[in-house]
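Let me begin by presenting the structure, written as structure tokens, before commenting on it.
In this note's numbering, the protein residues as written are 3 to 562.
This is the structure in structure tokens:
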């Protein structure tokens with residue numbers, strides 16, 4: 003019979019896990035005891051669990067005293083070994099050799115999972131009962147010194163595996179319950195490896211931010227907490243959420259990272275797929291019972307209300323997404339933590355989430371380190387490129403996305419290319435940076451877009467109380483609420499400045515790249531400046547007067 007491996011398809015499984023292990027699970031068992039019953043059912047459940055690759059050798063006959071040639075490689079290429087220690091396990095020389103190899107490869111990393119099936123650890127470790135009988139038979143046939151050494155190795159292997167924490171069939175009411183426990187444990191271990199290589203990457207400026215976020219999470223508190231991570235596009239919200247998720251997931255019974263919620267919701271026009279991803283480890287084949295978002299929400303509350311859950315909802319941009327995926331605290335068991343990343347702070351307020359962490363840009367030292375890692379593939383900058391690097395740092399203003407994108411583009415390029423890039427950087431926007439930032443603009447209402455473009459073109463750095471009347475007059479609406487909404491959506495900022503008379507005034511600001519994005523949007527309206535909705539550059543204004551190409555449009559504005 004053929005060797006069998008199985009991986010259920012799953013779009014959310016990281017390729018990085020596959021790069022490290024060929025198999026997630028290696029099954030070791032005595033065929034005559036468990037192949038057609040317990041192990042067959044266990045293998046079937048593992049195959050149904052999305053993202054788990056299982057090596058299952060289902061050949062009936064042994065090919066001698068040595069492990070088959072394929073098995074040592076399969077063991078070495080497996081992350082976890084499930085060893086089903088049944089009464090006749092020790093009667094198989096094949097199984098004993100297999101167990102010895104498993105312990106040699108996996109004992110140090112603590113990924114050997116024993117199942118004491120209709121036996122107990124004491125009999126296994128001390129070779130009593132059926133294990134004693136098996137070794138009596140082996141000793142009759144093993145005469146040479148080499149054979150005696152093999153027997154000693156086998157005894158030592160059984161002694162070691164008997165001391166490893168695992169499962170006892172007698173502790174479960176039925177086999178299905180035992181299998182469920184095993185699959186859940188394996189799923190958690192495998193899921194934790196999906197981001198193993200991701201965590202090994204070099205991240206800059208995260209330690210301090212992780213510490214701040216961890217204090218908000220307060221894992222020692224036995225309550226249910228919703229925590230938001232907010233900030234403009236490209237600031238590093240997803241990276242921070244992923245790092246904290248990987249750091250603390252082992253504290254929870256159920257953990258799930260739902261990435262790019264905004265995009266998935268937009269493409270699929272439904273959140274059912276995300277609900278299924280969250281619930282799959284518990285529902286498995288019953289997942290097909292979820293046919294609409296309402297049922298999905300009911301299942302989430304039913305399945306998770308008594309479990310300690312870590313859930314990350316990444317890039318949320320609509321209140322419905324929160325309502326459908328994480329309704330309220332009663333949906334989750336005590337100790338649960340729900341982390342939401344969003345550009346829109348207002349969504350958190352609407353969903354009664356009072357705790358949030360505001361992402362800030364990298365400081366100068368952090369920015370230089372991140373830029374150097376991408377441009378030079380090392381933390382230290384090249385001396386010949388230092389002055390040029392400073393210009394790119396000034397342009398990025400601490401935004402990680404920009405530092406990584408530009409640094410990677412400039413990698414291996416000479417100084418002439420760097421200088422050319424600087425010459426064009428304000429007039430030819432990088433598509434990756436522009437499109438990422440523009441997501442926030444695309445999510446605005448029409449009136450919000452118009453107010454935003456006006457502020458970007460004419461009012462950045464001005465006092466709010468001076469700008470509001472101008473905007474009110476321009477759009478014939480109360481613009482104060484519009485300014486507040488744009489602040490919530492991470493497009494504008496407000497800076498408080500104390501005046502000489504100790505009074506306070508508030509000034510409207512925005513990141514330079516947000517402003518450049520707005521300018522590009524206006525510039526894309528027409529190649530002819532006079533046909534655009536807004537004019538603010540002196541050269542453009544001079545051009546339209548000298549060429550008489552000004553647009554006959556009441557909302558055309560000139561920067562004073």
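For every residue, glycine included, the Cβ atom is placed at its ideal position computed from N, Cα and C. Source: prediction; values computed, not measured.
Query, Result
"Contact check, residue 215 vs residue 260, beta carbons under 9 angstroms", "no"
"Segment limits, alpha helix (DSSP H) that includes residue 503", "Where residue 503 is concerned, there is no enclosing alpha helix (DSSP H), given that its DSSP letter is neither H nor E."
"DSSP beta-bridge partners of residue 344", "232"
"DSSP beta-bridge partners of residue 360", "232"
"Cα-Cα separation, residue 167 to residue 116", "7 angstroms"
"Cβ-based burial, residue 423 [other Cβ within 10 Å; buried from 16]", "buried"
"Exposure label - residue 547; buried when at least 16 CB within 10 Å", "exposed"
"At least three beta-carbon pairs within less than 8 angstroms, the region 330 to 339 to the region 216 to 235", "yes"
"Residue 459, buried or exposed, once every other Cβ within 10 Å from all chains shown has been counted against 16", "buried"
"DSSP three-state assignment for residue 508, whether helix, strand or coil", "strand"
"Residue 447 classed as buried or exposed, judged by whether at least 16 other C-beta atoms fall within 10 angstroms", "exposed"
"Cβ shell of residue 289 (< 7 angstroms), same chain only, five flanking positions each side left out", "278, 281 and 282"
"Which residues DSSP lists as bridging residue 169, in chain order", "117"
"With 16 other Cβ atoms within 10 Å as the buried cut-off, status of residue 45", "buried"
"Sequence-distant residues of its chain with Cβ nearer than 6 angstroms to residue 406 (five each side left out)", "376"
"Span separating the alpha-carbon of residue 156 from that of residue 89", "16 angstroms"
"Between the CA atoms of residue 359 and residue 217 - distance to the nearest angstrom", "10 angstroms"
"Identity of the residues DSSP links to residue 257 by a beta bridge", "312"
"Distance between residue 473 and residue 212 (C-alpha atoms, nearest Å)", "40 angstroms"
"Start-end ranges of the alpha helix (DSSP H) lying completely within the region 514 to 556, minimum 4 residues", "514 to 525 and 540 to 549"
"Bridge partners - residue 211, DSSP secondary structure assignment", "Note: residue 211 sits in no beta bridge, so no partner."
"Minimum C-alpha distance to residue 517 - residue among 436, 31 and 465", "436"
"Residue burial classification, residue 415 (beta-carbon count within 10 angstroms, cutoff 16)", "exposed"
"Cβ shell of residue 463 (< 8 angstroms), same chain only, five flanking positions each side left out", "509, 510 and 511"
"Range of the contiguous alpha helix (DSSP H) that encloses residue 45", "40 to 50"
"Close beta carbons around residue 132, own chain, < 8 angstroms, minus the five adjacent residues each side", "89, 90, 92, 93, 121 and 125"
"Residue 272 in three-state terms, based on DSSP", "coil"
"Proximal residues to residue 443 (C-beta, below 8 angstroms), its chain only, five neighbours per side dropped", "451, 454, 493, 519, 520 and 523"
"Three-state secondary structure (DSSP) of residue 439", "helix"
"Unbroken stretches of the alpha helix (DSSP H), 4 residues or longer, contained in the region 399 to 470", "402 to 412, 417 to 426, 433 to 444 and 448 to 456"
"Three-pair Cβ contact test at 8 angstroms for the region 157 to 165 versus the region 101 to 117", "yes"
"Spatial neighbours of residue 206 in its chain, beta-carbon cut-off 6 angstroms, leaving aside the 5 residues before and after", "368, 371 and 372"
"Euclidean distance between Cα positions of residue 480 and residue 513", "24 angstroms"
"Beta-bridge partners of residue 84, as assigned by DSSP", "29 and 115"
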